[in-house]
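Residues in the sequence shown are numbered consecutively from 1, following UniProt numbering. Backbone N, C-alpha and C define an ideal beta-carbon position, used for all residues, glycine too. Worksheet: the structure to be examined is printed underneath.
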Amino acid sequence: MKSEICAHYLEITPTYLSLVENGKKHPSDKVIDKAVRLFNVPSTYFLSLSEPVAKIVALSADLSEEDKNIISSILGNRKRQRH
Numbered sequence: 001m002k003s004e005i006c007a008h009y010l011e012i013t014p015t016y017l018s019l020v021e022n023g024k025k026h027p028s029d030k031v032i033d034k035a036v037r038l039f040n041v042p043s044t045y046f047l048s049l050s051e052p053v054a055k056i057v058a059l060s061a062d063l064s065e066e067d068k069n070i071i072s073s074i075l076g077n078r079k080r081q082r083h
């Protein structure tokens with residue numbers, strides 16, 4: 001998903017999205033709630049992002065939904081293996 005499309009879904013400007021992705025702004029609860037629904041992740045995912053993870057999230061904006069699902073599946077499998 002391109003940044004412009006992501007920003008549109010989140011009802012923010014692409015500039016603001018870039019600032020959030022680069023750690024220069026913190027998103028509102030409303031924006032986090034929309035991102036949770038858009039990316040199908042828990043809200044704690046966005047609230048506890050470290051800088052390296054934030055960069056990964058920024059890069060994922062250009063991934064297709066299929067690619068996101070594949071990555072999510074891989075990460076889910078790794079999490080289950082740890083428990």
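Notebook entry, point to check: With 16 as the cutoff for other CB atoms within 10 Å, does Glu-21 come out buried or exposed?
Noted result: As a first step, residue 21 must be located in the sequence shown, where it is residue number 21. Buried, by the Cβ-count rule.
Item checked: Beta-carbon spacing of Ser-3, Pro-14 below 7 Å -> On the sequence shown, position 3 is the one that residue 3 refers to. On the sequence shown, position 14 is the one that residue 14 refers to. A contact, by the Cβ cut-off of 7 Å.
Check: Looking at the structure shown, is Asp-62 part of a helix, part of a strand, or coil, going by DSSP?
Finding: Position 62 of the sequence shown holds residue 62. If DSSP states are grouped into helix, strand and coil, Asp-62 belongs with coil.
Next item on the list: For Pro-42, name the three-state secondary structure that DSSP assigns.
Entry: Counted from its first residue, the sequence shown places residue 42 at position 42. Coil at Pro-42, not helix or strand.
Notebook entry, point to check: Helix, strand or coil: how does DSSP classify Ile-12 here?
Noted result: Counting from 1 along the sequence shown, the entry for residue 12 is found at position 12. In the structure shown, Ile-12 sits in coil (DSSP, three-state: anything other than H, G, I, E or B).
Item checked: Contact set for Leu-38: own chain, Cβ-Cβ below 6 Å, skip 5 residues either direction -> The residue labelled residue 38 in the question sits at position 38 within the sequence shown. Answer for Leu-38: Tyr-9, listed in chain order.
Check: From Lys-30 to Ser-72, what distance separates their C-alpha atoms?
Finding: Within the sequence shown, the letter at position 30 stands for residue 30. Within the sequence shown, the letter at position 72 stands for residue 72. Roughly 23 Å between the two C-alpha positions.
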